[in-house]
Amino acid sequence: MNNPQDFWNQRFAESNHAYGEVPNAFVQAQVGRLPAGGCVLLPGDGQGRNSVWLARQGFDVTCVDWSEAGLASALELAARYAVQIEPVCADLTTWLWPETEFDAVVAVHLHLPPNARQQVHHAMLRALKPGGVLLLEAFDVEQIHYSSGGPNRLDMLYSAEMLSEDFVDAEIALLERAQVVLDEGLYHQGVAEVVRMVAVRSVT
Ligand SMILES: C[S@@+](CC[C@H](N)C(=O)[O-])C[C@H]1O[C@@H](n2cnc3c(N)ncnc32)[C@H](O)[C@@H]1O
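Just so we're aligned: the sequence shown equals residues 26 to 229 in my numbering.
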């Protein structure tokens, strides 16, 4: 399948649990860094496991994804927990990103090709208010040696060096490569190499 948007729609139409319903472990571990009740933007949150969990914690959640099937599952999950999320169906590379609007941006396993990655990462930072927090977890380039999930193209995988370049204008509170054991739905299972970052938009 050549069109990546069709790929995601097909994956999410197959199952309500491509990555499970449990939020990503790094998001759970770092949620204390987000201002209570703040506005959080989740680009590329697929079937909404992180969005819905954050809404259940009292955050005001907007999730943006180009997969209608993913967003439909996210809304079903939100309804099941009787919480509200704001879904936006858009391609993150052409979306008119809001600026200086969110207290936090949470991006989990959103992998973009090299020509779009930096542009979208800059937009994530600009979407934050000064002092706003970005949580990001993605598969590291070392993940090319594993079959536990993520893109099987080296140029779609990330590294700490790439992230420190993309977010050079932010204050980096944490940036690490980690080996983890994933147990996230059908498609993230087993030992994996990830890169994780907490960045803060400078106040000045
Ligand atoms: C591996 S899934 C991760 C889903 C979710 N963050 C999670 O952790 O369960 C990647 C998601 O990014 C979305 N995505 C990839 N490229 C995108 C783009 N250019 N615009 C909007 N969404 C995109 C896909 O539709 C998919 O939902």
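Where is the CB? At the ideal position from N, CA and C, for every residue including glycine.
Hey, would you say residue i sits closer than 9 Å to residue j, going by beta carbons?
{"i": "D85", "j": "C64", "result": "yes"}
{"i": "R74", "j": "V158", "result": "no"}
{"i": "Y212", "j": "G156", "result": "no"}
{"i": "R151", "j": "W120", "result": "no"}
{"i": "A203", "j": "R221", "result": "yes"}
{"i": "L117", "j": "V89", "result": "yes"}
{"i": "N41", "j": "E93", "result": "no"}
{"i": "Y44", "j": "A80", "result": "no"}
{"i": "L182", "j": "H136", "result": "yes"}
{"i": "L207", "j": "V223", "result": "no"}
{"i": "E162", "j": "V130", "result": "no"}
Can residue i be considered in contact with ligand 1, in the sense that its beta carbon sits closer than 8 Å to one or more heavy atoms?
{"i": "Q30", "result": "yes"}
{"i": "H136", "result": "yes"}
{"i": "P68", "result": "yes"}
{"i": "Y44", "result": "yes"}
{"i": "A141", "result": "yes"}
{"i": "T229", "result": "no"}
{"i": "L182", "result": "no"}
{"i": "D90", "result": "yes"}
{"i": "F51", "result": "no"}
{"i": "A97", "result": "no"}
{"i": "T118", "result": "yes"}
{"i": "R221", "result": "no"}
{"i": "N177", "result": "no"}
{"i": "R58", "result": "no"}
{"i": "Q72", "result": "yes"}
Exposed or buried, which one is residue i when buried takes at least 16 other CB atoms within 10 Å?
{"i": "L190", "result": "Here the sequence assigns Glu to residue 190, which means Leu is not the residue at that position. It is exposed - the Cβ of E190 has fewer than 16 other Cβ atoms within 10 Å."}
{"i": "R36", "result": "buried"}
{"i": "D165", "result": "buried"}
{"i": "V127", "result": "The question names Val, but residue 127 in the sequence shown is Phe. When all chains shown are included, F127 counts as buried."}
{"i": "V216", "result": "exposed"}
DSSP state of residue i, grouped into three classes?
{"i": "R202", "result": "strand"}
{"i": "L211", "result": "coil"}
{"i": "P29", "result": "helix"}
{"i": "E39", "result": "helix"}
{"i": "E218", "result": "strand"}
{"i": "D191", "result": "helix"}
{"i": "E101", "result": "helix"}
{"i": "A224", "result": "strand"}
{"i": "E111", "result": "strand"}
At a Cβ threshold of 9 Å, is residue i touching chain D?
{"i": "H146", "result": "The displayed structure is made up of one protein chain only, and chain D is not part of it."}
Would you mind listing the alpha helix (DSSP H) stretches within the region 125-185 that are 4+ residues and don't spill past its ends, in chain order?
139-152
Alpha helix (DSSP H) runs wholly inside the region 50-84, at least 4 long, in chain order:
50-55, 74-81
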